[in-house]
Amino acid sequence: AKEGPQLLFMDSPGVTAVLIQEQGKTALYVHDSRSFAADLPVSRGLKSALVARSITTIDVLIISHDGLRQLPAWQAAPFTIGQVIAGGTVPDAHNGGISGLRLLPCHPPRQLTWDSLTFHFWQDQRKGLSEPARSCVVRLESQVLSGDILLSGDIGREGERRLLGWLGNPASIAGLLAPSGGRQGSSQAGWVQQIDPQWVVFTAVPDPQVLDRYRLQGSQWWYPGEHGAVQLQQGQELPRGFREGAPFWWRRPLH
Numbered sequence: 001a002k003e004g005p006q007l008l009f010m011d012s013p014g015v016t017a018v019l020i021q022e023q024g025k026t027a028l029y030v031h032d033s034r035s036f037a038a039d040l041p042v043s044r045g046l047k048s049a050l051v052a053r054s055i056t057t058i059d060v061l062i063i064s065h066d067g068l069r070q071l072p073a074w075q076a077a078p079f080t081i082g083q084v085i086a087g088g089t090v091p092d093a094h095n096g097g098i099s100g101l102r103l104l105p106c107h108p109p110r111q112l113t114w115d116s117l118t119f120h121f122w123q124d125q126r127k128g129l130s131e132p133a134r135s136c137v138v139r140l141e142s143q144v145l146s147g148d149i150l151l152s153g154d155i156g157r158e159g160e161r162r163l164l165g166w167l168g169n170p171a172s173i174a175g176l177l178a179p180s181g182g183r184q185g186s187s188q189a190g191w192v193q194q195i196d197p198q199w200v201v202f203t204a205v206p207d208p209q210v211l212d213r214y215r216l217q218g219s220q221w222w223y224p225g226e227h228g229a230v231q232l233q234q235g236q237e238l239p240r241g242f243r244e245g246a247p248f249w250w251r252r253p254l255h
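Residue numbers (my numbering): 1 to 255.
What follows is the structure, given as structure tokens:
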């Protein structure tokens with residue numbers, strides 16, 4: 001039997017990381033280069049989580065923004081990386097390129113297809129933007145999931161507006177990784193109303209106003225820091241947090 005696509009919004013403190021798998025292939029979407037720094041606890045936590053899941057080969061590594069400065073730290077064993085698609089500046093072989101890696105910029109718009117899963121990439125190309133505003137956004141399209149999934153990086157208010165233009169049909173988005181993790185000033189009311197997602201995952205404690213906007217649309221929400229790792233796979237209408245299926249005593253107060 002074919003192994004359908006599955007997504008895992010990882011519970012790795014301090015890091016935004018989404019694991020995407022289908023038919024033996026693995027992609028990892030992360031926000032910034034802190035995820036790879038050899039000397040930071042956030043990096044050690046992410047690496048340990050991957051190894052615990054027996055994941056040492058990453059076919060596609062997608063770095064939303066913040067360059068590639070720490071990437072060489074991941075070239076050491078036990079990890080093998082196929083290709084890297086990055087929202088930050090991608091150096092070529094004659095300008096400090098990283099030996100042994102196939103590096104591709106997020107822009108111009110590109111597409112990657114696996115079995116039933118297609119990755120569509122977008123980036124705001126206006127001049128003078130900060131690296132977070134130029135995040136590499138990924139739209140995951142699959143005929144066997146309940147709808148498209150949007151990984152929206154750290155884009156800001158204007159980026160949300162421009163992204164809506166690229167999406168064309170926002171109604172096809174079933175769920176999303178909230179822009180800027182759900183922090184204050186993100187997920188403007190117009191954006192939330194037009195996307196109108198069934199569900200949303202926050203990678204930071206969501207700002208109360210941001211959370212209210214999604215609640216008004218009837219969106220269900222998850223935050224890995226509270227619900228544990230959040231998984232979506234073929235046959236599920238909604239994701240499921242690890243702690244939803246954990247024993248009743250999970251995180252039970254000690255008093």
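Idealized CB from N, CA, C, for every residue including glycine. Computed from a predicted structure; not experimentally measured.
For Ile155, the nearest candidate out of Gly168, Ser142, Ile149, Val137 (CA to CA):
Indexing the sequence shown from 1 puts residue 155 at position 155. The shortest C-alpha separation from Ile155 is found at Val137.
Just grab the DSSP bridge partners of Glu29 for me.
To locate residue 29, count along the sequence shown from 1; it is residue 29. Just to set this straight, residue 29 is Tyr in the shown sequence, not Glu. DSSP, once it has assigned bridges, lists Val18, Ile62 as partnering Tyr29.
Can you tell me the Cα-Cα spacing of Cys106 and Gly87, whole angstroms?
Sequence index remark: in the sequence shown, residue 106 carries index 106 (1-based). Sequence index remark: in the sequence shown, residue 87 carries index 87 (1-based). The straight-line gap from Cα to Cα measures roughly 5 Å.
How would you label Thr56, buried or exposed, when you count the other beta carbons within 10 angstroms and need 16 or more for buried?
In the sequence shown, counting from the first residue as 1, residue 56 sits at position 56. Burial call: exposed.
On the DSSP bridge list, what partners appear for Ser172?
By one-based count along the sequence shown, residue 172 stands at place 172. Bridge partners of Ser172: none, in fact.
Per DSSP, Glu141 forms a beta bridge with which residues?
Within the sequence shown, residue 141 is the residue found at index 141, counting from 1. Per DSSP, Thr118.
Taking Cβ to Cβ, would you say Val230 is nearer than 7 Å to Gly241?
Position 230 of the sequence shown, counted from the start, is the residue given in the question as residue 230. Position 241 of the sequence shown, counted from the start, is the residue given in the question as residue 241. Val230 is a Cβ neighbour of Gly241, given a cutoff of 7 Å.
Bridge partners - Leu241, DSSP secondary structure assignment
Within the sequence shown, the letter at position 241 stands for residue 241. The residue asked about is misnamed: residue 241 is Gly in this sequence, not Leu. According to DSSP, which records beta bridges pairwise, Gly241 is partnered with Val230.
Gly182 to Asp196 span [Cα, whole Å]:
One-based indexing of the sequence shown puts residue 182 at position 182. One-based indexing of the sequence shown puts residue 196 at position 196. Using only the alpha carbons, I get a separation of about 15 Å.
Going by DSSP in three states, Arg102 sits in which element: helix, strand or coil?
As a first step, residue 102 is located in the sequence shown; it is residue number 102 there, counting from the start. Reduced to three states, the DSSP call for Arg102 is strand.
So, with DSSP's three-state summary, where would you put Met10?
For the purposes of this step, residue 10 is taken as the residue at position 10 of the sequence shown. When secondary structure is reduced to three states using DSSP, Met10 falls in the coil class, being assigned neither helix nor strand.
Is it buried or exposed, Thr16, if we count other Cβ atoms within 10 angstroms and call 16 or more buried?
Taking the first residue of the sequence shown as 1, we reach residue 16 at position 16. Buried.
Taking the continuous alpha helix (DSSP H) assigned at Gln209, which residues delimit it?
Translated into the one-based positions of the sequence shown, residue 209 becomes position 209. Per DSSP, Gln209 belongs to the alpha helix (DSSP H) from 208-216.
With a threshold of 16 other CB atoms inside 10 Å of the CB of Arg306, please say whether the residue is buried or exposed.
This structure cannot speak to residue 306, because the chain is shown only from 1 to 255.
Check whether Arg139 and His120 have beta carbons under 7 Å apart
Stepping through the sequence shown from its first residue, residue 139 is reached at position 139. Stepping through the sequence shown from its first residue, residue 120 is reached at position 120. Against a cut-off of 7 Å, the Cβ pair of His120 and Arg139 comes out as a contact.
Starting from Leu167, trace the beta strand (DSSP E) both ways and give me its first and last residue.
Locating residue 167 in the sequence shown gives position 167, counting from the first residue. Note, Leu167: premise wrong, no beta strand (DSSP E); alpha helix (DSSP H) at 157-167.
Based on the DSSP secondary-structure assignment, which residues constitute the bridge partners of Leu151?
Position 151 of the sequence shown, counting from 1, holds the residue named residue 151. According to the DSSP secondary-structure assignment, Leu151 is paired through a beta bridge with Val138, Leu177.
Are Val144 and Gln209 touching if we call contact CB-CB under 7 Å?
If you number the sequence shown from 1, residue 144 lands on position 144. If you number the sequence shown from 1, residue 209 lands on position 209. Cβ atoms of Val144 and Gln209: not closer than 7 Å.
Distance check for Gly4 and Gly165, CA to CA, integer angstroms please.
As a working note, residue 165 is residue 165 in the sequence shown. As a working note, residue 4 is residue 4 in the sequence shown. Spanning the alpha carbons of Gly165 and Gly4 requires a straight line of approximately 30 Å.
Report buried or exposed for Leu254, applying the criterion of at least 16 other Cβ atoms within 10 angstroms of its Cβ.
As a working note, residue 254 is residue 254 in the sequence shown. Because Leu254 sits at a pLDDT of 38, beneath the cut-off of 50, its placement in the model cannot be relied upon, and the following sentence gives the value as read from the coordinates. With fewer than 16 neighbouring CB atoms inside 10 Å of its own CB, Leu254 falls in the exposed class.
Going by other Cβ atoms of all chains shown within 10 Å of its Cβ, with 16 needed for buried, is Lys287 buried or exposed?
The structure shown has nothing for residue 287, since the chain only spans 1 to 255.
Selected residue, minimal CA-CA separation from Glu160, among Leu176, Ser186, Gly147:
Taking the first residue of the sequence shown as position 1, residue 160 is located at position 160. For Glu160, the nearest C-alpha among the options comes from Ser186.
Which stretch, first to last residue, makes up the beta strand (DSSP E) that contains Val201?
The residue labelled residue 201 in the question sits at position 201 within the sequence shown. 199-201 is the extent of the beta strand (DSSP E) around Val201.
Which two residues bound the contiguous beta strand (DSSP E) that contains Val84?
Against the sequence shown, residue 84 aligns to sequence position 84. That run of the beta strand (DSSP E) goes 80-86.
To which residues of the same chain is Ala204 closer than 7 Å at the C-beta, ignoring the five residues directly before and after it?
Locating residue 204 in the sequence shown gives position 204, where the first residue counts as 1. These residues qualify, in order along the chain: Gly181, Gly182, Arg183.
Quick one: Cα of Asn169 to Cα of Ser142, how far?
Residue numbering aside, residue 169 sits at position 169 when the sequence shown is read from its first letter. Residue numbering aside, residue 142 sits at position 142 when the sequence shown is read from its first letter. Their Cα atoms are separated by approximately 15 Å.
Presumed contact (8 Å Cβ cut-off) between Glu22 and Ser116, rounded CB distance:
Reading the sequence shown from its first residue, position 22 is the one you call residue 22. Reading the sequence shown from its first residue, position 116 is the one you call residue 116. 7 Å between Cβ atoms; contact.
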